[in-house]
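Numbering (our numbering), first residue to last: 8 to 342.
Beta carbons are placed, not taken as given, at the ideal position from N, Cα and C, and that holds for glycine.
Notes for the one structure printed next.
Here is the structure:
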């Protein structure tokens with residue numbers, strides 16, 4: 008079927024009119040609809056920080072904005088994750104106040120009335136970014152007191168690092184400590200460890216870790232120790248342990264081999280199992296060792312845990328006489 012040109016023109020004109028009217032209706036609903044207020048969180052990012060400066064204080068991760076506008080637009084806007092960037096290219100060393108507004112935080116906010124913004128400004132503190140080479144110095148961290156462990160041939164690679172950070176902090180650092188944690192069980196053997204450097208806040212070390220090599224030169228000594236077996240039970244009087252003491256072969260740092268207080272920290276214990284009266288169970292005692300002490304040789308012998316048989320209670324109102332025969336406590340009066 009063919010249509011005349013006037014008919015096609017009328018059809019197109021009608022479609023354009025419908026589109027225009029629809030657009031006007033949408034504009035009217037959005038612009039003239041009921042206006043509401045809503046609170047939104049805006050994540051703040053920063054850019055443009057001068058390369059010779061480092062910010063030490065004042066940055067915030069988000070701001071809270073209270074907006075007023077058409078309900079339909081607000082509902083769509085508040086469901087988004089809002090991230091806005093703030094330009095810090097104009098900050099200087101010291102304190103700089105940076106105002107925050109809808110213009111700074113981005114174009115979308117300008118479609119609404121900004122009722123409140125917290126914070127409305129940020130006070131940024133910046134310092135000059137400097138670099139400095141400093142030597143490393145080791146600090147020994149031993150779990151044993153009294154210099155029981157001694158160290159020899161300790162080397163750190165590299166022996167110095169480059170520190171990068173705020174001028175005020177860097178100028179106060181003459182050397183960087185490296186904490187070396189000693190393991191008493193490694194006595195007499197070479198030790199290699201990669202240690203992460205601990206630096207002050209905002210200070211970066213290049214490289215960030217150091218390789219430490221050393222040998223614990225203090226020797227170790229073998230001893231034979233006797234210790235009491237402790238019974239762990241809800242009612243320990245119902246149980247008994249045999250033997251009550253066990254002998255344990257241990258190895259300790261030589262500097263602590265005569266330290267009674269240290270050696271007495273060796274403890275043995277067993278947890279009483281569920282037993283009926285008269286029943287027994289063989290159990291391996293659990294050992295609690297102080298730092299630096301290790302068990303050598305065979306494991307300690309097992310112990311026997313026994314549930315005692317409780318004596319039966321005698322019937323009330325009767326007592327045994329001299330012949331072992333029970334008799335009433337009292338004789339009824341005869342009439």
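When you compare only the Cα positions, how much space is there between residue i and residue j?
| i | j | result |
| --- | --- | --- |
| residue 163 | residue 273 | 36 Å |
| residue 49 | residue 71 | 6 Å |
| residue 283 | residue 314 | 6 Å |
| residue 286 | residue 306 | 25 Å |
| residue 208 | residue 64 | 11 Å |
| residue 151 | residue 190 | 10 Å |
| residue 329 | residue 318 | Low per-residue confidence applies at residue 329: pLDDT is 48, beneath 50, and the placement is therefore not dependable enough to give any value. |
| residue 292 | residue 275 | 6 Å |
| residue 10 | residue 24 | Reliability of the predicted coordinates at residue 10 is poor, the pLDDT of 47 falling under 50, and no value is obtained from them. |
| residue 87 | residue 62 | 29 Å |
| residue 219 | residue 123 | 56 Å |
| residue 197 | residue 160 | 9 Å |
| residue 4 | residue 225 | Outside the shown range of the chain, which is 8 to 342, sits residue 4, and nothing can be said about it. |
| residue 336 | residue 267 | Unreliable placement is indicated for residue 336, whose pLDDT of 47 sits below 50; no coordinate value is reported for it. |
| residue 3 | residue 80 | The chain is shown only over 8 to 342; residue 3 falls outside these bounds and no answer can be derived. |
| residue 103 | residue 54 | 15 Å |
| residue 203 | residue 180 | 18 Å |
| residue 120 | residue 131 | 27 Å |
| residue 269 | residue 262 | 11 Å |
| residue 243 | residue 229 | 34 Å |
| residue 253 | residue 288 | 17 Å |
| residue 215 | residue 199 | 17 Å |
| residue 166 | residue 101 | 34 Å |
| residue 145 | residue 213 | 17 Å |
| residue 89 | residue 241 | 60 Å |
| residue 316 | residue 255 | 31 Å |
| residue 239 | residue 281 | 12 Å |
So residue i and residue j are in contact, right, with Cβ under 8 Å, and what is the actual spacing, rounded?
| i | j | result |
| --- | --- | --- |
| residue 66 | residue 47 | Their Cβ separation, rounded to whole angstroms, is 20 Å, which puts residue 66 and residue 47 out of contact at 8 Å. |
| residue 346 | residue 105 | As displayed, the chain neither begins before 8 nor continues past 342, which places residue 346 out of reach and without an answer. |
| residue 302 | residue 290 | Not confirmed; about 17 Å, so no contact. |
| residue 59 | residue 136 | 6 Å |
| residue 299 | residue 260 | 5 Å |
| residue 98 | residue 133 | 5 Å |
Relative to the alpha-carbon of residue i, which residue among the options has its alpha-carbon at the smallest distance?
| i | options | result |
| --- | --- | --- |
| residue 187 | 267, 149, 172 and 259 | 149 |
| residue 395 | 240, 223, 134 and 185 | A question about residue 395 goes unanswered here, because the residues of the chain that appear run from 8 up to 342. |
| residue 94 | 107, 101 and 84 | 107 |
| residue 140 | 171, 132, 119 and 68 | 171 |
| residue 221 | 280, 201, 213 and 207 | 201 |
| residue 297 | 281, 318 and 257 | 257 |
| residue 118 | 103, 84 and 92 | 84 |
| residue 147 | 53, 223, 227 and 54 | 223 |
| residue 183 | 205, 194 and 197 | 205 |
| residue 69 | 126, 44 and 81 | 126 |
| residue 227 | 194, 242, 215 and 244 | 194 |
| residue 279 | 260, 181, 165 and 237 | 237 |
| residue 211 | 138, 92, 91 and 288 | 138 |
| residue 78 | 271, 42, 199 and 103 | 42 |
| residue 56 | 82, 96 and 156 | 96 |
| residue 169 | 156, 142, 179 and 192 | 142 |
| residue 294 | 288, 271, 281 and 156 | 271 |
| residue 156 | 192, 82, 166 and 240 | 192 |
query = Does the pairing of the stretch 304-321 with the stretch 243-259 give three or more beta-carbon distances under 8 Å?
reply = yes
task = Please confirm if the stretch 230-239 is in contact with the stretch 169-176, defined as three or more CB-CB distances below 8 Å between the two stretches.
result = no
task = Note down, one range per segment and in chain order, each beta strand (DSSP E) of at least 3 residues found wholly within the stretch 269-303.
result = 274-278, 287-290 and 293-295
ask   = Of all the beta strand (DSSP E) runs that stay within the bounds of the stretch 203-229, which reach a length of 3 or more residues?
value = 211-213 and 216-223
request  = Write down every uninterrupted run of the alpha helix (DSSP H) in the stretch 78-156 whose length is 4 residues or greater and which is fully enclosed by it, in chain order.
outcome  = 78-85 and 109-112
ask   = What are the start and end residues of each continuous beta strand (DSSP E) run of 3 or more residues lying completely inside the stretch 47-82, in chain order?
value = 60-64 and 69-77
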